[in-house]
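Structure, as structure tokens:
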Amino acid sequence: MPDLYEQYTMVDDDFGVKSLDSSDNSPAESAHDTHAETEHDKTSTTETESVPEVATDIDMLKSKMHSTMFDDEAETDSEFDFTWEISDWTALPKRVHSDPFVHNGVRYRLLLFPQGKSQGEVSLFLEAAPDVSDGARVDPDWAVCVQFSLVMWNPNAPYIFQNMVAHHRFDAEDGGDWGFSRFYDLRRLAARHLDTQHALLERNVMNITVVGRVFKDPTGVLWHNFLRYDSKRVTGYVGLRNQGATCYLNSLLQSLYFTNAFRKAVFGIPTGENDAASAKVPHALQRLFYQLQTSDEPVSTLELTRAFGWDSADAFTQHDVQELERVLMDSLEGSMKGTKVDGALSELFVGQMKSFIRCIDVDYESSRSEDFWDVQLNVKGMQGLETSLRNYIEVEMLDGENQYMAEGYGLQDAQKGVSFQSFPPVLHLQLKRYEYDFERDSMTKINERYEFPPSVNLAPYLDRAADMSESWEYELHAVLVHSGDLNTGHYYGLLKPERDSPWFKFDDDRVTRATNKEVFEDNFGGDGLHNQHNKPLSARQQRNMRYKRQTSAYMLVYIRKSRLEQVLGKVHDSDVPAHIPQELSQEAAVEERRRQEMEEQHLYMPVSVASLSQFQSHHGFDTAIWSGTSLDDADHAGVPVSVRALKTWTLAELQAAIAQQLGLDDSAQIRLRGCVKRKNGTIRPDAIIVSQSPDETLEQIRDRVSTRTPELRVYVEQISSDTPAPMPTQSIVFLKHFDVETQTLVGVGHVLVDSSDTVGSIVPYITQSMGWDAATPVVLFEEIKPRMIDIVKQDKTFDEAEIQNGDIITFQRNDVAPAGRVRCQDPQQYYDFLYSRLRVNFVSRQDPEDEDSCVSLWLSKKDSYDDVAAAVGDVLGHPGSHIRLYVTNSDGSPRASIKSNSGSLSAIISTNYVSSHNPLLAYDILDMPLVELETKRNVQVVFLRNGLSTDEKYSFLLPETGHVGDIVTSLKAQAKGLENVPPEAFKLWFFNNGRNTQYFSLHESLKRFPDDTTLHAAVMTPEEQAVVKHEEQVASHVPQVDTVDENGTVVMAPTPEIPACPYKWVHCFHFWKDPMRPHSIPFSFAAAQGELWPDTKLRLKQVTGYSDQVFDKIKFAIVRDDSYAEPHYFGDEDELYAMVGDNLLLGLDHVDKTPYKKGYGERAIFINK
């Protein structure tokens, strides 16, 4: 949104009676920034006047300066002027200052570049700084807002002058000057102008005058650029960051935050680790409120909206603030039940009102009392708050034909209305700034002027029986503002944080002081451009006026004066749950460590450390889950430990760090093997790492041991002090066990083997380690790489089998047969499963949110549909033959069913999902085998009995060998009153997008319909049946051969003439304003030849079944189906039959009144429980 104090510059090139010609159009800028971007304008050159304007006339210069000021609301504090007399222009240096002069504690001086800065033009600036001649220190918040006019003039002919006007906020951090780098063209400086005998520079003398006007800056942000603005330092408060379109949320949160009793109540909700999951939203709100109390920077609401359950689309959707507040209050009330703050919100925000009907002539009253959280007040036609309140409780007379039936008294004259029985301590007033415009048939914003006072007495609006023992005076605490129209705009809040504090503007992440005018007058709204001075407005002034016209309050918060101390009482540290500051402090420390680590990252290198623990916890390929491997596919316990090591460490220092991490006292208890990435992609432990010199660094060791990787990977062997070093012929071999019964692969350990030993020599070690009998037969396999698992002959030596350091041998008992059906019979099959497996999640199609019905399985991409269904059925306790599977949408909702012959799981996943990782499928448990069900078609039929306004829904399971006529037969059997309607009188059609329609004959096969197809059906009108009969006659009319003459020419038999049909089909659809945005149910209609439009409309009304109220609002148009052509709307003299033809549709232009799901930008607001 544009800021009311945005920087703006006016330029005035008026030279008086004898005006010098100037094409200068340069904006004001700093002498230190030749590219400052500021707006500028140029006033017209003054024509010859009876009294010449002269630069010595200070009042005239001030008047000219005043006339260029766009901001009529800025208030003058003081004015000044100063003239610099230059006696020798050519002797001036390239950069020269005037003598300084002091005005109201500010030291000013002019800065001149006689030869220009670089553009060949004189440059002239005004400098301003605090006067520190007494040695005082400069206040970092010092600033002065000045409008000034720089005037260069000929002292011998003062009517020759160049005048430029600018305004600027000078502050302590500013460059200190502002003006014009292109003040006047050097080539024309000494040139005689037109018919005058003078130039601007004559006799080498020049005068420069500055006339200034200092403005009051009550908010401290007049003309502020906010580049280095610190809300906390200036105001003591911080704002909230906008996630995209969450300004409406930010303004509401700030209002609730400064309602201190509400903040205390939120802090009182139990949100510790042991508290209910429903505390997620209160916990996030507590953290947010505490950050607003303590942070020096704007606070993010991302954590809170995530707790709400919102995604990025919700963050970019503006919602109704009243709706948001109610949903939030409901959520918090639920979290408060049964706690010490139970009922706290209703005590703060809930009042009571009574709805009544009171008889005038008899003693009878019917009434009911109900709670209210806010009051919605009319704005349209109301002068202000008190007018709206009187309107709210205005009594309606029930008399004449509208008399009230009083029980026991009959019809009586009565008064109907509402009265307030009590107002809450904190009263939220929702101003109804939006209304439905029946002419436009859409919602519009009401920009009428609506006044509200700083305080109000609500006693006159209370019921006569209300408690008057305490004052009902209320004081304004917050004004929530919307600027813009219905669909776009910005929200912010104006609040009084404390009882006697000034007003502040909370505009997302920025907080500034606000004047009373900004709080009240600027937010009353009002149609039209109000010009209180009745003078012409510049384009900028008009834009500001339009901005203000669309800016108005939409919610007011008043606090009962007698409860101010209670509601705004100070929030103490003891009110905050102890765990909230602890959490935030710990997170800040973690974030600081992370930041420091990022800064020092170049000094460190990652070291990944695997040991026997990771190997035994690993159930996949290789010895551990090294970086780059998907962690979702394996046990996280198999991930190597990460050690942050300085690149300058030695091997001894790394060993000491690893030993400490493993809980060992002596680094001599471990030795490290470098893990290398082989050409086949596997990562295996290799030779023991030995330093080549005492001062060899880890970076050097990594480059030597682990080439082409930024990290050093090591495997740790734990050894005793007397463990000898391996012999050159010895290698470390890792052992894994495949259990066919449990279908698991587990790391067992490692062993040193000699290259001359036979592979079978490790079998005794295996049987002993596993606790098996020594005679247990064992089969050995080598895990070479994921797709290469070979049986190893045990009579070969390790050297002959090419088994070396880091190789993996997987063993399996050869005397165990699985008790039941298993997926894998040996390690080769299991490794193949590991390679092709993925985890698939399944949810119930009937209730996808039911966690108890969710199933998660490891499956092979090679599995068939039957394999997958069987696996799901085993978990659910149902035969796989009765499991039907469905693909799902991106939001998890079930989509289309999967055919049992769809091929492998890989084919199903690759077709329907962007990523094959953890796909989601839905399932149904059927009453019949799927193969039987797939021979049938499930057809949904929406029967339109009385036009388009009512429907009846039916579902039929029919053999796929059937025809559309079977659908009609089933419909007649289930729907009442259709027994005597012949099948050929029905019409059935399918549509999508509200426009594309396809009709079906009774003889068409059901095989062409996808499962769960939805068809619409209706009984045709006599006119439509006539069209169908005519089409059948035409289709069945086949010319017959009569004879063949002597020349072989075929002579056709005479054919009877088919009578012309007085009707023809018209395809109809609905749209609202734009024919390319259809809605509702399209349908067919029979146009009658010779029938004028008024009669056609009567038949259309019968066909659609719409009420008079709905039908009368419909506009009818002919629309071309294949283009964006404008629709042609009907007149009473038009004939539909004559107008329709190929690619022409009848469009019904009206608002879509049917329920629909909100789309992007129209999402319903919600907060997760």
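Counting in full-length UniProt numbering, the sequence shown runs from 1 upward without gaps. From the three backbone atoms N, C-alpha and C, an ideal C-beta is built for every residue, glycine too.
Decide yes or no for the touch test of the stretch 275 to 295 against the stretch 591 to 607: beta carbon pairs closer than 8 Å, at least 3 of them.
Because the criterion of three Cβ pairs below 8 Å is not met, the stretch 275 to 295 and the stretch 591 to 607 do not touch.
Would you mind reading off the limits of the beta strand (DSSP E) that contains Ala645?
As a working note, residue 645 is residue 645 in the sequence shown. Per DSSP, Ala645 belongs to the beta strand (DSSP E) from 641 to 646.
Hey, could you find the ends of the beta strand (DSSP E) Lys505 is sitting in?
The residue labelled residue 505 in the question sits at position 505 within the sequence shown. From DSSP, the beta strand (DSSP E) with Lys505 extends over 503 to 507.
Between which two residues does the beta strand (DSSP E) carrying Ile784 extend?
Locating residue 784 in the sequence shown gives position 784, counting from the first residue. Ile784 -> beta strand (DSSP E) spans 778 to 785.
Ordered along the chain, which non-local residues of its own chain (more than five positions away) have a Cβ less than 6 Å from that of Ser573?
Against the sequence shown, residue 573 aligns to sequence position 573. According to the sequence provided, residue 573 is Asp. The question's Ser does not apply to it. Closer than 6 Å at the Cβ level, and outside the excluded window around Asp573, lies no residue.
Return yes when the Cβ of Arg95 is within less than 8 Å of the Cβ of Phe82, no when it is not.
In the sequence shown, the residue the question calls residue 82 occupies position 82. In the sequence shown, the residue the question calls residue 95 occupies position 95. Result no, Cβ atoms of Phe82 and Arg95 do not sit closer than 8 Å.
Just mark Ile908 as buried or exposed, buried being the case when its beta carbon has 16 or more other beta carbons within 10 Å.
The count along the sequence shown starts at 1 and reaches residue 908 at position 908. Under this definition Ile908 is a buried residue.
According to the neighbour-count rule (16 or more other Cβ atoms, all chains shown, within 10 Å of its Cβ), is Leu603 buried or exposed?
As a first step, residue 603 is located in the sequence shown; it is residue number 603 there, counting from the start. By the neighbour-count rule (16 or more Cβ atoms within 10 Å), Leu603 is not buried but exposed.
Using 8 Å as the threshold, is the stretch 169 to 188 in touch with the stretch 465 to 480, meaning 3 or more CB pairs across them?
Taking 8 Å as the limit for Cβ pairs, the verdict is that the stretch 465 to 480 does not touch the stretch 169 to 188.
Could you compute how far the alpha carbon of Val1151 sits from the alpha carbon of Phe1111?
Counting from 1 along the sequence shown, the entry for residue 1151 is found at position 1151. Counting from 1 along the sequence shown, the entry for residue 1111 is found at position 1111. Each residue's alpha carbon lies about 11 Å from the other.
Among all the DSSP beta bridges, which residues are the ones paired with Met770?
Position 770 of the sequence shown, counted from the first residue, corresponds to residue 770. DSSP output for Met770 lists no bridge partner at all.
Among Arg560, Thr797, Asn378, Asn104, which residue has its Cα nearest to the Cα of Asp77?
On the sequence shown, position 77 is the one that residue 77 refers to. Among Arg560, Thr797, Asn378, Asn104, the Cα nearest to that of Asp77 is on Asn104.
Please go through the same chain and pick out, in chain order, the residues whose beta-carbon is closer than 8 Å to the beta-carbon of Ile360, but skip the five residues on each side of it.
Stepping through the sequence shown from its first residue, residue 360 is reached at position 360. If we look at Ile360 and ignore the five residues flanking it on each side, its Cβ neighbours are Gln412, Asp413, Ala414, Gln415.
For Phe1071 and His1079, I'd like the C-alpha separation in whole angstroms.
Looking up residue 1071 in the sequence shown gives position 1071. Looking up residue 1079 in the sequence shown gives position 1079. Their Cα atoms are separated by approximately 6 Å.
Measuring CB to CB, does Arg213 end up less than 8 Å from Met65?
Here residue 213 corresponds to residue number 213 of the sequence shown, with the count starting at 1. Here residue 65 corresponds to residue number 65 of the sequence shown, with the count starting at 1. Cβ atoms of Arg213 and Met65: closer than 8 Å.
Applying the criterion that 16 or more other CB atoms from any shown protein chain within 10 Å of the CB defines a buried residue, is Asp522 buried or exposed?
By one-based count along the sequence shown, residue 522 stands at place 522. Buried: at least 16 other Cβ atoms inside 10 Å.
DSSP state of Ile732, grouped into three classes?
Counting from 1 along the sequence shown, the entry for residue 732 is found at position 732. Here Ile732 sits in strand by DSSP.
Express the C-alpha separation of Tyr554 and His482 in angstroms, rounding to a whole number.
Residue mapping note: residue 482 aligns to position 482 of the sequence shown, counting from 1. Residue mapping note: residue 554 aligns to position 554 of the sequence shown, counting from 1. Cα to Cα, the separation comes out at about 7 Å.
So, using beta-carbon positions, are Gly1105 and Leu948 closer together than 8 Å?
Here the question's residue 1105 lines up with position 1105 in the sequence shown. Here the question's residue 948 lines up with position 948 in the sequence shown. Cβ distance < 8 Å, so Gly1105 and Leu948 count as in contact.
Determine the burial state of Asp622: buried for a count of at least 16 other Cβ atoms within 10 Å of its Cβ, exposed for fewer.
The residue given as residue 622 occupies position 622 in the sequence shown. It is buried - the Cβ of Asp622 has at least 16 other Cβ atoms within 10 Å.
Determine whether the beta carbon atoms of Pro606 and Ser642 lie at a separation below 8 Å.
In the sequence shown, residue 606 corresponds to position 606, counting from 1. In the sequence shown, residue 642 corresponds to position 642, counting from 1. Yes, Cβ-Cβ distance for Pro606 and Ser642 is below 8 Å.
Alpha carbon to alpha carbon, how far is Ser149 from Lys117?
Within the sequence shown, residue 149 is the residue found at index 149, counting from 1. Within the sequence shown, residue 117 is the residue found at index 117, counting from 1. So the two alpha carbons sit approximately 20 Å from each other.
How about Asp795 and Glu782: do their beta carbons lie closer than 8 Å?
Position 795 of the sequence shown, counted from the start, is the residue given in the question as residue 795. Position 782 of the sequence shown, counted from the start, is the residue given in the question as residue 782. Not a contact, by the Cβ cut-off of 8 Å.
Output the residue ranges of the beta strand (DSSP E) runs that lie fully inside the stretch 322 to 353 and measure 3 residues or longer, sorted by chain position.
If we require 3 residues or more, the stretch 322 to 353 turns out to have no beta strand (DSSP E) run fully inside it.
Give me the Cα-Cα distance between Ile1114 and Pro1062, rounded to the nearest whole angstrom.
As a working mapping, residue 1114 is identified with position 1114 in the sequence shown. As a working mapping, residue 1062 is identified with position 1062 in the sequence shown. Computed Cα separation, rounded: 26 Å.
Mapping the DSSP letters down to three states, classify Asp522 as helix, strand or coil.
Numbered from its first residue, the sequence shown carries residue 522 at position 522. Looking at Asp522 - three-state DSSP - the assignment turns out to be helix.
In whole angstroms, what separates the C-alpha of Trp649 from that of Val716?
Residue mapping note: residue 649 aligns to position 649 of the sequence shown, counting from 1. Residue mapping note: residue 716 aligns to position 716 of the sequence shown, counting from 1. Near 18 Å, if we compare the C-alpha coordinates of Val716 and Trp649.
Would you list the one or two residues that DSSP bridges to Lys432?
By one-based count along the sequence shown, residue 432 stands at place 432. Partner(s): Asn378.
Got a sec? Which residues, its chain only, sit under 6 Å from Ile883 by beta carbon, not counting five neighbours each side?
Within the sequence shown, residue 883 is the residue found at index 883, counting from 1. Answer for Ile883: Ala869, Val872, Gly873, Tyr923, listed in chain order.
To the nearest angstrom, how far is it from the Cα of Asn938 to the Cα of Gly903?
Your numbering for residue 938 matches position 938 in the sequence shown. Your numbering for residue 903 matches position 903 in the sequence shown. One C-alpha to the other measures close to 23 Å.
Grab the span of the beta strand (DSSP E) containing Ala896 for me, first residue to last.
The residue you call residue 896 lines up with position 896 of the sequence shown. Per DSSP, Ala896 belongs to the beta strand (DSSP E) from 894 to 897.
Name the DSSP bridge partner or partners of Pro959?
The residue you call residue 959 lines up with position 959 of the sequence shown. Pro959 is bridged to Lys936.
Reducing DSSP to helix, strand and coil, say where Cys247 ends up.
For the purposes of this step, residue 247 is taken as residue 247 along the sequence shown, with counting starting at 1. In the structure shown, Cys247 sits in a helix (DSSP, three-state: H, G or I).
Could you pull the DSSP bridge partners for Leu154 from this structure?
Looking up residue 154 in the sequence shown gives position 154. The question names Leu, but residue 154 is Asn in the sequence shown. Looking at the DSSP assignment, Asn154 forms a beta bridge with Ala157.
Quick test of your reading: Val740 and Pro818, contact by CB under 8 Å. State the CB separation rounded to the nearest angstrom.
Your numbering for residue 740 matches position 740 in the sequence shown. Your numbering for residue 818 matches position 818 in the sequence shown. Between Pro818 and Val740 the Cβ distance is about 5 Å, and since that is below 8 Å, they are a contact.
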